[in-house]
Amino acid sequence: MLILVRPGLKIIRASAFVLRESAGWDSYASKGALYARVQLDPNNPACFIHVFNTHLQAGDAPSDQNIRAHQLSELIRFIDRCTSDDRAQNQVQHPMLLCGDFNIAGGSQEWKNHLQSLGAAGVALEDLWLKAGNKEGKDGATWVGNDQDTTGTPWDAPEGRKEGNVLATEGGAFQRLDYIFFWPGLQPLQLALLSVAREPENPRVPPYHWGNITSCTVSDHLGVVGLFKVVPKE
Numbered sequence: 234m235l236i237l238v239r240p241g242l243k244i245i246r247a248s249a250f251v252l253r254e255s256a257g258w259d260s261y262a263s264k265g266a267l268y269a270r271v272q273l274d275p276n277n278p279a280c281f282i283h284v285f286n287t288h289l290q291a292g293d294a295p296s297d298q299n300i301r302a303h304q305l306s307e308l309i310r311f312i313d314r315c316t317s318d319d320r321a322q323n324q325v326q327h328p329m330l331l332c333g334d335f336n337i338a339g340g341s342q343e344w345k346n347h348l349q350s351l352g353a354a355g356v357a358l359e360d361l362w363l364k365a366g367n368k369e370g371k372d373g374a375t376w377v378g379n380d381q382d383t384t385g386t387p388w389d390a391p392e393g394r395k396e397g398n399v400l401a402t403e404g405g406a407f408q409r410l411d412y413i414f415f416w417p418g419l420q421p422l423q424l425a426l427l428s429v430a431r432e433p434e435n436p437r438v439p440p441y442h443w444g445n446i447t448s449c450t451v452s453d454h455l456g457v458v459g460l461f462k463v464v465p466k467e
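FYI, our numbering numbers position 193 of the sequence shown as 426, with every residue one higher than the one before it.
The structure is reproduced here in structure tokens:
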């Protein structure tokens, strides 16, 4: 888990924390959240956005879902603390991005309970994928198990195999587990959404090779890429 900021942009504040609750192999992973306040205009200290990245408990068991619920509460408190100096009428003023692997399947009951109406720092966060008019389903999935036919997807199996996500350690249906949530901001600037896509959108040609493994992706998960335009608040 990391936040990369390109040269020319300045991180003016940063923080991180490790989630208190975890189970299984996740107990060894030190999962948590990162925060960076990124100044977009080097000559204007007020021109910044809040960026958060997180990785929550994996697993489908009720106990895993219960842990994720507690982790989300921790995450929201962390966001509240990091943005506490950027409030007016208890609402965060600058734009905010919350990205990460939430391990919650889009459209599931758990998603409806916790992510469909996600709020933090006094504002409602929008799901970038759905905001752009996309739907749940195979074409929006960011993960699939190693037992599924991935023909025609970014995990398309090389060498004639149907099961292409060779980096997955277990089976499972196509699911959207990775998200970008955003708040466009109030003042002095706002984010205007231009596009969103999975990365990669198509199988890599030629595929990657690591020893005896051949894969069209570098991870069992796909990435999510959002493109925004920064506009001044009139």
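The beta-carbon is built from N, C-alpha and C at its ideal position, and this holds for glycine as well.
Assigned secondary structure, residue i (DSSP; H/G/I helix, E/B strand, else coil)
{"i": "A291", "result": "coil"}
{"i": "S317", "result": "coil"}
{"i": "E254", "result": "coil"}
{"i": "Q324", "result": "strand"}
{"i": "E432", "result": "strand"}
Beta-carbon proximity of residue i to residue j, cut-off 9 Å
{"i": "V457", "j": "C332", "result": "yes"}
{"i": "A365", "j": "I312", "result": "no"}
{"i": "L330", "j": "F414", "result": "yes"}
{"i": "N379", "j": "G404", "result": "yes"}
{"i": "L455", "j": "W344", "result": "no"}
{"i": "L308", "j": "A266", "result": "yes"}
{"i": "R301", "j": "N277", "result": "no"}
{"i": "Q304", "j": "Q326", "result": "no"}
{"i": "G352", "j": "R409", "result": "no"}
Inter-residue Cα distance where the pair is residue i and residue j
{"i": "N398", "j": "N323", "result": "44 Å"}
{"i": "E254", "j": "V463", "result": "37 Å"}
{"i": "Y268", "j": "C315", "result": "8 Å"}
{"i": "D297", "j": "G418", "result": "33 Å"}
{"i": "A262", "j": "G292", "result": "14 Å"}
{"i": "S306", "j": "D334", "result": "16 Å"}
{"i": "Q423", "j": "N299", "result": "35 Å"}
Cutoff 7 Å; reference residue i; Cβ partners in own chain excluding five residues on either side
{"i": "L273", "result": "L242, C280, F281, I282, V463"}
Given residue i as reference, the closest of the options once Cα atoms are compared
{"i": "S248", "options": "S263, V377, N445, F285", "result": "F285"}
{"i": "A425", "options": "V251, L308, P328, S263", "result": "P328"}
{"i": "R270", "options": "I244, L237, L410, D453", "result": "I244"}
Sequence-distant residues of its chain with Cβ nearer than 6 Å to residue i (five each side left out)
{"i": "P191", "result": "For residue 191 there is no data in the structure shown, the boundaries of the chain being 234 and 467."}
{"i": "Y441", "result": "S448"}
CB contact below 9 Å: residue i versus chain C
{"i": "D319", "result": "Annotation note: the requested chain C is absent from the structure, which comprises a single protein chain."}
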